[in-house]
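Single-structure report; data block below.
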Amino acid sequence: MTASLVFVIPVRHQDSVADWPALQGYLSQTLASIAAQTVPDWNCVVVANTGASLPEMPPNCRVVRVDLPLPVMPDRHTQLEAYYDAVRHDKGLRIHAGLQGIPAQSHVMVVDFDDFVHRGLAEFVRDNKSLPGWNVSRGYVWSGGTWCFFNPAFHLMCGTSHIIRRDLLGSFVTQDGQDDIAAIKRRLGSHIFIHHDLAQAGFPLADLPFAGAVYRVGNPQSTSGSGQLAALMTPPRDLLRHPRRFVRNLLRYRCLTDDIRQNFTLPLTLW
């Protein structure tokens, strides 16, 4: 049976990660979050380099092996745009490999290896599969502990933020049969452009009617380089420079309730 929702998890090249056992721990928790779906109408594809050790895969999950080279990463402090381009190139190619064989009518959600997803996603997509897809416009930011941050513009911040029907993602092949690298980087390697591009093409994404994901921050194995929760969402400098924004964001902190933890299968420890 064709799954209504397919999760695709791109995993970094193992030689680019300082602590591979930590990455495996994060990935294992992400897989547990995905496997907690309320209906079995889902699959998961993990894309990793040949030779990379991975945690045990839950049912409905499979591994796609790639032989992509170790990416050359410019210094993010002095060449930020070049750094982002390198991230999009590597991540896009991994996702492209994971998309192979996914039926056109299935919906696809890219999930970063350390994030969490709502357990009701597969059921919701199954019941609404005629639609093009959804922005995960609401979600939480979390770095461990008993507090999280509610973000009402989640899809502009986190890569685990869109659910899109496979046929709308495109084939990513040029007229001469080569991979369309520019399209792969823009549509797969980044989460910033896709909702705008699909709206321009006549397939606007709806907003998911509930908080759909948790963005884990403060993970040193991530390419985002995000810091701890308070430093990221309410940096002290904003109190003087942007006091209204500081107060508004301060009011968006939420206690990590049992409902939130259960809906996203959040662990009691970081890994």
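Be aware that the sequence shown starts at 158, since it is given in our numbering, and climbs by one per residue. The beta carbon of each residue, even a glycine, is placed where N, CA and C say it ideally should be.
The alpha helix (DSSP H) runs lying completely inside the region 253-316 and spanning 4 residues or more are 278-284, given in chain order. Put simply, the region 326-345 does not touch the region 300-312. Fewer than three CB pairs are less than 8 Å apart. Contact annotation: Ala239 and Asn200 have beta-carbon atoms that are not nearer than 8 Å.
Looking only at Ala189, His348 and Leu407, the smallest Cα-Cα distance to Asp242 is reached by His348. Secondary-structure assignment with DSSP links Trp199 through a beta bridge to Leu162. Residue pairing by DSSP puts Asn206 in a beta bridge opposite Val223. DSSP places Val174 in the coil class of the three-state scheme, outside both helix and strand. Exclusion of the five residues before and after Arg251 leaves Pro167 and Val204 as the residues of its chain whose Cβ lies within less than 6 Å of its Cβ. The beta carbon of Arg322 is closer than 6 Å to those of His264, Pro289 and Gly290 in its chain, skipping five residues each way along the sequence. By the neighbour-count criterion, in which 16 or more other beta carbons inside 10 Å mark a residue as buried, Val229 falls on the exposed side. Assignment of beta-bridge partners to Pro167 by DSSP yields Val204. Beta-bridge pairing by DSSP links Ile320 to Met266 and Trp291. In the DSSP assignment, Ala370 falls within the unbroken beta strand (DSSP E) covering Ala370 to Arg373. Excluding its 5 nearest sequence neighbours in each direction, Ala175 has no C-beta neighbour in its own chain below 6 Å. Secondary structure note for Arg411: its beta strand (DSSP E) is the uninterrupted segment Tyr410 to Cys412.
Between Ala340 and Phe329, the alpha-carbon positions lie close to 6 Å from each other. Taken atom to atom, the span from the alpha-carbon of Phe403 to that of Val268 is near 29 Å. Under the criterion of beta carbons closer than 8 Å, His275 and Asn292 do not qualify as touching, at roughly 14 Å. Between Ala193 and the set Pro400, Phe273 and Pro366, the nearest pair of CA atoms involves Phe273. Thr235 counts as exposed, since fewer than 16 other beta carbons sit within 10 angstroms of its beta carbon. The shortest C-alpha to C-alpha distance from Ala209 to any of Leu425, Gln262 and Asp172 is the one to Asp172. Leaving aside the five residues that flank Thr195 on each side, the residues in its chain whose CB is nearer than 8 Å to its CB run, in chain order, Arg276, Gly277, Ala279 and Glu280.
Beta-bridge annotation (DSSP): Asp364 is paired with Asn292. Judged by DSSP secondary structure, Ile417 falls within the alpha helix (DSSP H) whose first and last residues are Asp415 to Phe421.
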